[in-house]
Structures are given as structure tokens and as C-alpha cells.
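Engineer: Dumping the structure here so I can ask a few things about it.
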Amino acid sequence: MTEAARDAAAAAAGARPGDARQPLELLVALLDLERIEEDIFRGVSPPESSVRVFGGQVAGQALVAAGRTVPAERQVHSLHAYFIRGGDPSVPIVYQVDRVRDGRSFTTRRVTAVQHGKVIFALSASFQLAEAGLEHAVAMPDVPPPDSLRSQAEWAAESELRIERPAIHRPFEVRPVTEPIWSGGAPGEPRERNQVWMRADGSLADDPLLHVCVLTYASDLSLLDQVLAWHGKSWATNRVHGASLDHALWFHRPFRADEWFLYDCTSPNASGARGLATGYFFAQDGRLLATVVQEGLLRVID
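Following UniProt numbering, the numbering of the sequence shown begins with 1 at its first residue and continues without gaps.
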């Protein structure tokens with residue numbers, strides 16, 4: 001285990017309550033898994049975790065485990081995952097990698113995350129050697145640049161609800177394009193899109209796998225918010241029982257997660273106490289970087 005991983009394990013165990021490192025440093029440490037056996041890795045959760053492990057964390061850690069069994073010249077282009085059980089943040093998570101296929105152009109890995117002897121999460125990921133081919137992409141929406149917008153922290157500080165920034169958001173600088181639906185403390189106007197600028201709050205090492213895993217973590221931060229926003233509701237102003245059910249991500253072009261990207265989210269459907277949300281990640285220069293789809297359980301308690 002690296003020094004960073006040892007520090008993260010100590011923090012998760014409560015041994016470093018006064019840890020002075022920045023939130024992004026702690027996130028990078030969480031993604032630096034311990035290899036405990038061939039194709040078996042161990043990860044931890046931060047000390048400020050809620051009652052269950054954040055979905056973006058387990059997805060990012062599982063992708064790290066998969067990526068560490070693949071040659072560096074093969075980059076991940078897609079992942080598909082199911083959240084099976086709520087994770088326990090007080091104990092480590094064991095990630096078991098199955099080397100499904102190593103082809104001439106593509107590599108496939110399957111990862112299961114295990115706690116207390118049970119699978120809590122399952123991920124399949126595909127990696128590809130770089131190839132040239134057809135190129136097109138949807139256009140980025142016309143939105144104000146991030147430097148002209150207020151940060152999420154500023155919106156929260158001025159909100160009637162006096163909302164504290166969740167720990168899972170702290171590794172990122174977030175700037176909503178429009179006023180957050182939760183900021184006024186009253187039921188909001190229904191909206192068909194949720195758009196935020198985001199970037200890692202600091203500099204990241206030049207490791208492509210780290211950048212895609214950080215983006216994977218970020219992809220779970222605000223996606224299901226849009227299902228609620230469609231109905232003028234939010235986590236802050238309504239009693240909502242929610243959980244991610246599955247998650248799919250396609251990576252289209254190289255990027256850095258410590259540079260601004262627009263997360264443009266919408267929701268094509270909600271039914272059966274489930275909501276479906278889709279999101280596009282765009283670079284500031286308009287390039288489409290990744291596409292996300294997630295379904296979640298959403299029970300609004302009136």
C-alpha cells in the first residue's frame with residue numbers, strides 16, 4: 001500500500017480526525033487502492049461518509065481496480081454498473097477483478113465489490129487501443145462561462161436553508177449555470193435541465209486513469225437531482241428516499257478532470273418510483289467528453 005493509501009485507511013478508521021490535507025488530495029488517496037493479491041484490491045471510505053458509501057466513490061474505486069489490470073496504452077471507453085446493496089463506510093471494500101477478455105484491440109474486465117461476504121456493487125468495463133475513425137458529436141449548449149458564475153458554495157451560504165456543502169462535493173469546484181432549485185427554501189419551478197460547471201479543486205497528476213476515475217466519481221454528484229428538479233422538488237426541500245440503481249458511462253475523448261467541464265443533465269422518464277437521468281460532459285472548448293445514464297430509486301414522502 002502506498003503512503004497515500006495508508007493515510008486514507010487511517011482516516012477511514014478515524015485515526016486522522018485532524019487531517020490537514022485538501023479534499024482533492026483525500027479523494028486521490030481514496031482512489032489509490034491497496035493491492036492485496038493478484039487481481040484483488042482493497043479500498044476505504046472517508047471518515048465523513050454518511051450512512052452508506054457514496055455511489056461515485058465505489059464506481060471510481062472499481063474502475064481503478066479494473067484499470068490496474070490493463071496495459072496503460074488501452075484506455076477505458078465504457079463502463080456499466082449495478083448498485084446491489086448499500087455499502088458500509090466503516091469497513092474496507094474488497095474489489096475482485098475478473099479478466100474476461102484480452103483481445104487485439106479491446107480488453108474487458110468485470111469487477112465485484114464485496115463487504116461482509118456479500119457483493120454490494122458490480123461493474124463491467126471495456127478498454128481499447130487508440131484508433132482513428134469517424135468523428136461527430138452533439139453541440140454543447142450555449143451557457144455562460146464558469147468564470148462569470150457564482151459557486152455552489154456561495155449559493156449555499158446565501159440560501160434560506162443555510163445548506164452545508166456535502167463532503168462528497170468538496171473535492172470539486174462547482175458553479176451552477178442557473179440558481180439551484182434548493183436555494184430558496186420553497187418549492188422550485190420545474191425545470192427540464194440541470195447544468196453545472198465542475199472541475200477538480202486542485203491539480204491532478206498526468207495519469208489518464210486517475211482523470212477518468214475522478215470524472216466517474218463526479219458523474220454521480222448531481223445526476224439524479226434532475227429527476228427531482230423536473231417536478232420542482234429537491235433533496236433539500238423535500239423528504240426523498242433515493243438510491244442509485246445502475247450507472248453507465250461512455251468516454252469519448254481525452255480530458256483532464258482538473259479543467260472546467262460542463263455537466264448538462266436531463267431526465268427522459270420517471271415512473272414506478274424510479275427516475276432515469278442522462279448527462280453530457282463537455283469541455284470548455286465545446287468538445288463532448290463523456291455521456292452518462294443512470295436510473296435511481298426515488299420515493300418522495302409528502
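Idealized CB from N, CA, C, for every residue including glycine.
Everything numeric in this text was worked out from a predicted model, so none of it was measured.
Look up D147 in the DSSP assignment and say whether it is helix, strand or coil.
Structural biologist: Position 147 of the sequence shown, counted from the first residue, corresponds to residue 147. DSSP places D147 in helix when its eight states are reduced to three.
Engineer: Counting only the same chain and skipping the five closest in sequence on each side, list residues whose C-beta sits under 7 Å from that of D258.
Structural biologist: What you label residue 258 is simply residue 258 of the sequence shown in a count that begins at 1. Result list for D258: R199, A200, G202, S203, L204, in chain order.
Engineer: Might you give, ordered along the chain, the residues of its own chain that have their beta carbon closer than 8 Å to the beta carbon of T291, omitting 5 neighbours on each side?
Structural biologist: Within the sequence shown, numbered from 1, the residue matching residue 291 stands at position 291. L249, W250, H252, T278, G279, Y280, F281, listed in sequence order.
Engineer: Roughly how many whole angstroms lie between the Cα atoms of D285 and F121?
Structural biologist: For the purposes of this step, residue 285 is identified with residue 285 of the sequence shown, where counting begins at 1. For the purposes of this step, residue 121 is identified with residue 121 of the sequence shown, where counting begins at 1. For D285 and F121, the distance between alpha carbons rounds to 35 Å.
Engineer: Relative to the alpha-carbon of S271, which residue among A65, I84, V300 has its alpha-carbon at the smallest distance?
Structural biologist: The residue you call residue 271 lines up with position 271 of the sequence shown. Considering only alpha carbons, the answer is V300.
Engineer: Would P89 be called buried (16 or more neighbouring beta carbons within 10 Å of its own) or exposed?
Structural biologist: Looking up residue 89 in the sequence shown gives position 89. With 16 or more other Cβ atoms within 10 Å, it is buried.
Engineer: Which residue wins for smallest C-alpha separation from residue 304, given the options D207, P268, F255?
Structural biologist: The requested residue 304 is not part of the displayed model; the chain covers only 1 to 302.
Engineer: According to the Cβ coordinates, are Q152 and H169 closer than 8 Å?
Structural biologist: As a position in the sequence shown, residue 152 is number 152, starting the count at 1. As a position in the sequence shown, residue 169 is number 169, starting the count at 1. The answer is yes: Cβ separation under 8 Å.
Engineer: At the level of alpha carbons, what is the spacing between C265 and P23?
Structural biologist: The residue labelled residue 265 in the question sits at position 265 within the sequence shown. The residue labelled residue 23 in the question sits at position 23 within the sequence shown. Answer to the nearest angstrom: the Cα atoms are 25 Å apart.
Engineer: Look at Y95 and G56 and say whether their C-beta atoms are less than 8 Å apart.
Structural biologist: Translated into the one-based positions of the sequence shown, residue 95 becomes position 95. Translated into the one-based positions of the sequence shown, residue 56 becomes position 56. Not a contact, by the Cβ cut-off of 8 Å.
Engineer: Quick check: what's the CA-CA separation for A229 versus P92?
Structural biologist: Residue 229 sits at position 229 when you count from the first residue of the sequence shown. Residue 92 sits at position 92 when you count from the first residue of the sequence shown. Those two C-alpha atoms are separated by around 34 Å.
Engineer: Please report the straight-line C-alpha distance between F127 and V100, rounded to a whole angstrom.
Structural biologist: Stepping through the sequence shown from its first residue, residue 127 is reached at position 127. Stepping through the sequence shown from its first residue, residue 100 is reached at position 100. Going from the Cα of F127 to the Cα of V100 covers about 12 Å.
Engineer: With a CB to CB cut of under 7 Å and the five nearest residues on each side skipped, what residues in its chain are close to T69?
Structural biologist: Working through the sequence shown from its first residue, we reach residue 69 at position 69. So the qualifying residues of the chain are D39, V97, R99, R109.
Engineer: Just the C-alpha distance for P208 and D302, rounded to the nearest angstrom, thanks.
Structural biologist: As a first step, residue 208 must be located in the sequence shown, where it is residue number 208. As a first step, residue 302 must be located in the sequence shown, where it is residue number 302. Going by the C-alpha atoms only, they are around 44 Å apart.
Engineer: Within the same chain, show all residues whose beta-carbon is closer than 6 Å to that of V174, passing over the 5 residues directly before and after it, in chain order.
Structural biologist: Within the sequence shown, numbered from 1, the residue matching residue 174 stands at position 174. Same-chain partners within the cutoff: Q152, V196, M198.
Engineer: Quick check on P176: does DSSP put it in helix, strand or coil?
Structural biologist: Locating residue 176 in the sequence shown gives position 176, counting from the first residue. DSSP places P176 in strand when its eight states are reduced to three.
Engineer: Taking Cβ to Cβ, would you say L149 is nearer than 8 Å to V227?
Structural biologist: As a position in the sequence shown, residue 149 is number 149, starting the count at 1. As a position in the sequence shown, residue 227 is number 227, starting the count at 1. In this structure, V227 does not lie closer than 8 Å to L149 by Cβ.
Engineer: Going by CA-CA distance only, name the one from E295, A283, G296, L33 that's closest to A137.
Structural biologist: In the sequence shown, residue 137 corresponds to position 137, counting from 1. The candidate whose alpha carbon is nearest that of A137 is A283.
Engineer: S234 to Y217, Cα distance in whole Å?
Structural biologist: Here residue 234 refers to the residue found at position 234 of the sequence shown. Here residue 217 refers to the residue found at position 217 of the sequence shown. Roughly 21 Å separates the two Cα atoms.
Engineer: Assuming V300 is part of the beta strand (DSSP E), what are its boundary residues?
Structural biologist: In the sequence shown, counting from the first residue as 1, residue 300 sits at position 300. Per DSSP, V300 belongs to the beta strand (DSSP E) from 288-301.
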